[in-house]
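Sequence lines, in order, name chains A and B.
Per the working numbering, the very first residue in the first sequence carries number 60; after that it's consecutive.
Per the working numbering, the very first residue in the second sequence carries number 46; after that it's consecutive.
Glycine is no exception: its CB is placed at the ideal position from the N, C-alpha and C atoms.
Note that the coordinates shown come from a computational prediction; the quantities given were computed from them, not determined experimentally.
Structure, as structure tokens:
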Amino acid sequence: MRIQIKLIANFRELLPPGSKNGIVELDLPNGTTVREAITRFDIPLDGSSVIVLNGLTVDLNTPLNEGDRITAFSAIEGGSTYRQGDDDVRLAPANPAS
Amino acid sequence: MYGWHLRILRVNLTNKKVTKEDVDPKFARDYLGGRGWAIHYLYNEMDPKADALSPQNILIFATGPLTATPAPTGNRYMVVTKSPLTGALAHSNSGGEFPTWMKRTGFDLFIFEGKADGPVYVWVNEDQVEIRSAAHVWGKQVPETTDRLKVETDPDARVACIGPAGEHQVLMAAIMNDKNRAAARSGVGAVMGSKNLKAVVVMGNKNPPLFNPDGMRDISVDTSKNVGIDVKKGSNLRIYGTAYVPQVTNTLGILPTRNFLQGTFEHTDKVDGVALKEQYLIKHVPCYRCPISCGRLTEVPDGPYKGKGEGPEYETISSLGTGCGVSNLAALTKANYLCNELGMDTITTGMTIAAAMEMYEKGYIPESAIGMPLKFGDHDAMIAMIKKMASREGFGEDLAQGSYRLAEKYGHPEIAVTARKQEFPGYDPRGSQGMGLLYATSNKGASHMEGDVAYEEVFGVPIKEDPLTTDGKPELVKHFEDSFALIDSSGLCVFLAIRYVFSKDRMVWPERLSEMMNLTTGAGYTPEEVMKAAERVYNLERLFLIKAGSGPENDTLPQRMLHEPLPDGPAKGKVVELDKMLPEFYKLRGWDEKGYPTKEKLQELGLPA
């Protein structure tokens, strides 16, 4: 079955090169769950990520169906995808306390 | 006393009298500061039934105990007044640098009364207070006004001012500080304009004394360090600002699209944070002492929308962008610059134009009334409307009243998506039920900043809640409303506060925030006490609403939210199930079944019964 994974904002960099608009298509065996699909990417499965199936809040053990889309984004405060040297904007210092 | 200066500056613009008053320390402790202090003065000093644009209204600038302290993001102030848009309460928050400089004048609050007989600005340099003519900057836009007033006062001073929109008393006029920061909502700029008060300029070196300076330094450094750890991991707020949010709300089907006719937008990729960063971002710009730095300095380098300024942020994208069906990012960015320069709230501006677009497309407003076609997605028409609104020119006169009055005038009140006559922000509550209850009960009319349960329903901060269920939402909304009243009274920014100075439980708890307030003020608060004080503030605001004539009868939502199911996206078929939540909410608040605070609750809080 074919499904889509969409990763938002800073999670986009976890997608394979060439992915368009933060989306990748996967061909997975029937019965694959949300958790099994998403663990192919380096997304933390703790409370620091939000993972939804077709925009809905679901148990990560929910089995996928043909045409489903999993979307994941970092809970607002961060994530664990930072890689040194990625991005000048990101590395600019914060406002120094004065 | 520490933290608070316990001094208020009162400026009567009618008779040009300036007075400096002391504040009772017990009152200071019981009402926290900022928004809490301000509602006490508003409630006691003006008739809530008075016309918001009359000299009887008072305009309050209020800093909190943590403003101008080492606390990260201790850079906020509140503008509190009666709102001409809602006919009830306005309390709008802003950061930047002005609030810190204001607190350093040695006053916690400024209260402006009456009305000047011609344009003036007030220059506060610690104890030296002057009311000066503003005739030479009346009619000028925000950046020019700011620059000129700094030249003639002190180049290191900070300026809060209105633009032409405030002068014309348009009901979505903002008070802009440091050029690009806005106390935006509920028409606070119109109140300032009605008083002929063009600007307030501040300068000073009076940092409030701290009860425990070493402890305050340590807790501030530690809090900033925690933010820094997240920033190094890759903070979306740092990288993209709030502009990353359209992808999130679009995924959940709650992105306001074409005046809430839809919950998903087909061109989200064109107007999100990734596109903004790739095309127009110069750098991120922080407010004073902010380690998060979510502001965006951007530039559209050439073409018809050439310009430079700040934004757009999420709420601007969801109103002037998707709300109007606009997918041209350069035009949307330009529209944001215009709102900043003219001094207008982008949410109400955008959603009022969106309502006009829907009415035009449905034939409810003829082209002859508007002077041009006004279809969804027509970004040039949208920009033209913004200019007309700010000056009340032609159809701008209708738009300047906001969408509620606009829709009523043209015989279709069902088109306006407002609560207490204020336009919705960027979360369609049909797909986020808690936000629906929040908009219906918010003391300032529809606003996410009154108790943003989208943190949990949408962003999973600190715990992910199912946005489509009403279960547990009354409890959550009540708790977040009180928590936000606390944050707004403290002088901290919500972005930092919710994540770093509250506990990470579903019912976020202000352990670290109360500790910060103690290190600053020496007031010896427990977390329970600051939450109780916040509840006091919230209930006093409710009493103001009731007296102003916007009580429980207005705890409702527009027809589109209650009777028109979302046609698309994950929340397809949903309406807001308000009747499932409101009775329980009243009960949890200690209000009677009609929504009035009970005598027992008021006594418990020490409020007039």
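- B:Q467 (DSSP reduced to helix, strand or coil): strand
- Using a cut-off of 9 angstroms between C-beta atoms, extract the partners of A:F132 located in chain B. N281, Y289, Q292, V293, T296, F504 and G505
- Message: Check for me: the alpha helix (DSSP H) holding B:G395 runs from which residue to which?
- Response: T391 to E406
- Message: I'd like to know if B:K148 contacts chain A, where contact means its C-beta is closer than 8 angstroms to some C-beta of that chain.
- Response: no
- Item | B:W168: first and last residue of the uninterrupted beta strand (DSSP E) it sits in | V165 to N170
- Item | Alpha carbon of A:I97 to alpha carbon of A:N113, nearest angstrom | 14 angstroms
- Span of the alpha helix (DSSP H) holding B:N385? L374 to L387
- Message: Taking 8 angstroms as the threshold (C-beta atoms), are B:F540 and B:C339 in contact?
- Response: yes
- Indicate whether at least one CB of chain B lies closer than 8 angstroms to the CB of A:V111. yes
- B:P349, DSSP secondary structure in three states: coil
- Query: Taking C-alpha atoms, which residue in B:A161, B:N250, B:D201 and B:L58 lies nearest to B:H50?
  - Reply: B:N250
- In chain order, each alpha helix (DSSP H) run of at least 4 residues that lies wholly inside the segment 492-553 of chain B: Fully enclosed alpha helix (DSSP H) runs of 4 or longer: 499-502, 518-535 and 539-545.
- Task: For A:I129, decide whether its Cβ has a neighbour in chain B, counting only Cβ atoms nearer than 8 angstroms.
- Result: no
- Would B:P615 count as contacting chain A if we go by Cβ distances under 8 angstroms? With respect to chain A, the C-beta atom of B:P615 has a partner C-beta closer than 8 angstroms.
- Message: Quick check on the burial criterion: 16 or more other C-beta atoms within 10 angstroms. Buried or exposed for B:P524?
- Response: Checking the displayed sequence, the identity of residue 524 of chain B turns out to be His instead of Pro. Burial call: buried.
- Message: If distances are taken between C-alpha atoms only, which option among A:I67, A:R99, A:L104 and A:A131 comes closest to A:L87?
- Response: A:R99
- Query: Quick one: does the C-beta of B:L255 sit closer than 7 angstroms to a heavy atom of the ligand SAH?
  - Reply: Looking for the ligand SAH in the displayed structure turns up nothing, as the structure carries no ligands at all.
- Identify which residue in B:P291, B:E453 and B:F589 has its Cα closest to the Cα of B:D473. Closest in C-alpha terms to B:D473, from the list B:P291, B:E453 and B:F589, comes B:P291.
- Please report the residue range of the beta strand (DSSP E) in which B:E666 lies. Residue 666 of chain B is absent from the structure shown; chain B starts at 46 and stops at 654.
- Query: If you measure beta-carbon to beta-carbon, which residues of the segment 312-341 of chain B are closer than 8 angstroms to chain A?
  - Reply: D314, G318, V319, K322, L326, K328, H329, P331, C332, Y333, R334, C335, P336, I337 and S338
- Task: Check B:C206 in the structure and name its three-state DSSP category.
- Result: strand
- Task: Could you pull out every unbroken beta strand (DSSP E) segment of at least 3 residues lying fully inside the segment 185-253 of chain B, listed in chain order?
- Result: Taking only runs of at least 3 residues, the beta strand (DSSP E) segments lying wholly in the segment 185-253 of chain B are 203-206, 220-222, 226-228 and 242-248.
- In whole angstroms, what is the alpha-carbon distance linking B:L130 and B:L77? Whole-angstrom Cα-Cα distance: 27 angstroms.
- Query: Which residues in the same chain have their Cβ closer than 6 angstroms to the Cβ of B:V276, if we skip the five residues on either side of it in sequence?
  - Reply: R283
- Query: When you compare each of B:L306, B:G370 and B:F305 to B:K315 by their alpha carbons, which one comes out closest?
  - Reply: B:G370
- Query: Should B:D527 be labelled buried (16 or more other beta-carbon atoms within 10 Å of its own) or exposed?
  - Reply: The residue in question, B:D527, is buried, as its Cβ has 16 or more Cβ neighbours within 10 Å.
- Message: Pop quiz: B:L242 and B:V182 are said to be a contact at Cβ under 8 angstroms. What is the actual Cβ separation, rounded to whole angstroms?
- Response: With 8 angstroms as the limit, B:L242 and B:V182 do not qualify as a contact, their Cβ atoms being about 12 angstroms apart.
- Start-to-end residues for the beta strand (DSSP E) that takes in B:S413: Where B:S413 is concerned, there is no enclosing beta strand (DSSP E), although the alpha helix (DSSP H) it sits in stretches over E412 to I415.
- Query: Are any of the Cβ atoms in chain B nearer than 8 angstroms to that of A:A68?
  - Reply: It does: the Cβ of A:A68 has a partner Cβ on chain B nearer than 8 angstroms.
- Query: With burial defined as no fewer than 16 other Cβ atoms inside 10 Å of the residue's Cβ, what is the status of B:Q446: buried or exposed?
  - Reply: buried
- Query: Quick one: what's got a C-beta closer than 6 angstroms to B:R557's C-beta in the same chain, skipping five residues either side?
  - Reply: Excluding positions up to five away in sequence, the list reads V546.
- Task: List the residues of chain B that A:N124 touches, going by C-beta distances under 9 angstroms, in chain order.
- Result: Here the premise fails: no neighbours, minimum Cβ distance about 15 angstroms.
- Taking C-beta to C-beta, are B:L444 and B:K454 nearer than 8 angstroms? no
- Query: Sorted by chain position, which residues of the same chain lie with C-beta nearer than 7 angstroms to B:A380's C-beta, five sequence neighbours on each side aside?
  - Reply: Hits under 7 angstroms: L365, M427, I428 and I431.
- Any idea what DSSP makes of B:N57, helix, strand or coil? strand
- Give a yes or no on whether the minimum CB-CB distance between A:N89 and chain B is below 8 angstroms. no
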